[in-house]
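J.: The structure's right below; bear with me while I get my questions together.
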Amino acid sequence: MLQAADLQPLTPALTVWQAYDPAVKADLCSTCIRLENRLFLVDPIPLTPDALRELSARDSVCAVFVTNTNHARAAGFFAGQSGATVLASATTANALIDLEILSIAAGDLVADHIEVIALEGAAEGEIALHLRNDGGSIVLGDALINFEPNGFTLLPAKYCSDQKLMRRSLRQLLDFSFERLLFAHGTPIVSSARTKLEVLLADR
């Protein structure tokens with residue numbers, strides 16, 4: 520599997536990494552949420568040994584989120600290496616039988632700071648995560664993307680279980696306070712993300 524070599528810190532609590540996957544013709548992006556001395560990984564792809572040492576030099580991985588049934592990625596590796604718990608929706612847990620997964624659901628609060636949001640109509644089992652710290656951030660799976668040539672937009676209909684339902688479901692994100700959006704595919708939006716999402720959904 521492809522490996523990412525560079526970590527990109529966004530805030531003291533957020534680090535991302537990515538690598539281009541020619542099989543899907545898109546960047547695969549991963550997020551690390553740091554809370555005190557604990558790391559929570561979201562849809563992680565593999566890291567080179569040097570990057571992995573850098574990520575975990577001071578803190579330990581305690582949980583790995585899988586945002587939908589398509590995003591197992593390297594969750595098993597990181598969980599096996601650190602003893603971390605893999606967290607995902609019940610739909611994803613039932614689909615990814617090779618992973619030992621603890622099911623989470625909408626409204627669950629992980630580590631007192633990360634709230635689970637269920638997003639219907641995107642990929643099967645889709646969840647997003649709201650981090651309350653530092654102005655707020657939302658980490659997404661596939662429902663929203665941000666890469667060329669289309670930029671910040673909805674997941675195309677051919678990849679959705681029901682795009683109209685997904686669009687309605689995405690509106691619940693506007694109930695949260697956040698400055699940043701982070702994606703499983705695409706460049707993070709690091710400021711005014713809620714406003715940009717509101718504009719995107721108003722145009723649809």
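Numbering (the working numbering), first residue to last: 520 to 723. All C-beta atoms in this analysis are idealised placements derived from N, C-alpha and C, irrespective of residue type, glycine included.
1) Can you give me the Cβ contacts of L674 inside the same chain, cut-off strictly under 8 angstroms, excluding the 5 residues immediately before and after it?
2) Can you tell me which of F584, L615, A609, G644 puts its alpha carbon nearest to the alpha carbon of E634?
3) Which ranges does the beta strand (DSSP E) cover as unbroken runs of at least 3 residues, wholly within the region 578-640, from first to last along the chain?
4) In chain order, what residues of the same chain have a beta carbon less than 7 angstroms from the beta carbon of E645, not counting five sequence neighbours either side?
5) So, for V658: in the same chain, excluding its five sequence neighbours on each side, which residues have a beta-carbon less than 6 angstroms away from its beta-carbon?
6) K715 and F666 - do their beta-carbons sit closer together than 9 angstroms?
7) Give the straight-line distance between the Cα atoms of A712 and L566, rounded to the nearest whole angstrom.
8) By the 10 Å Cβ neighbour count, where 16 or more other Cβ atoms means buried, how is D694 classified, buried or exposed?
9) Whose C-alpha, out of D546, P528, K544, I620, is nearest the C-alpha of R553?
10) Only counting runs of 4 or more residues, tell me where the alpha helix (DSSP H) segments fall wholly within the region 675-708, in order along the chain.
T.: Looking at the coordinates:
1) As a working note, residue 674 is residue 155 in the sequence shown. For L674, the CB contacts under 8 angstroms within the same chain, skipping 5 residues up- and downstream, are A641, A642, D661, A662, L663, I664, Q682, M685 in chain order.
2) Start at 1 with the first residue of the sequence shown, and residue 634 comes out as number 115. Nearest in C-alpha terms to E634, of all of F584, L615, A609, G644, is F584.
3) The region 578-640 is shown to contain whole beta strand (DSSP E) runs of 3 or more residues at 579-584, 604-607, 620-622, 633-637, in chain order.
4) The residue given as residue 645 occupies position 126 in the sequence shown. The beta carbon of E645 sits closer than 7 angstroms to those of T586, N587, L638, G660, D661, A662, all from its chain and outside the five residues before and after it, given in chain order.
5) Taking the first residue of the sequence shown as position 1, residue 658 is located at position 139. The residues are T550, V561, L648, L701.
6) Translated into the one-based positions of the sequence shown, residue 666 becomes position 147. Translated into the one-based positions of the sequence shown, residue 715 becomes position 196. Contact flag unset, no.
7) Taking the sequence shown and counting its residues from 1, one reaches residue 712 at position 193. Taking the sequence shown and counting its residues from 1, one reaches residue 566 at position 47. Whole-angstrom Cα-Cα distance: 27 angstroms.
8) Taking the sequence shown and counting its residues from 1, the one referred to as residue 694 is at position 175. It is exposed - the Cβ of D694 has fewer than 16 other Cβ atoms within 10 Å.
9) Numbered from 1 along the sequence shown, position 34 holds the residue referred to as residue 553. The residue from D546, P528, K544, I620 with its alpha-carbon nearest to that of R553 is P528.
10) Look at the region 675-708 and you find these whole runs of alpha helix (DSSP H), each 4 residues long or longer: 682-689.
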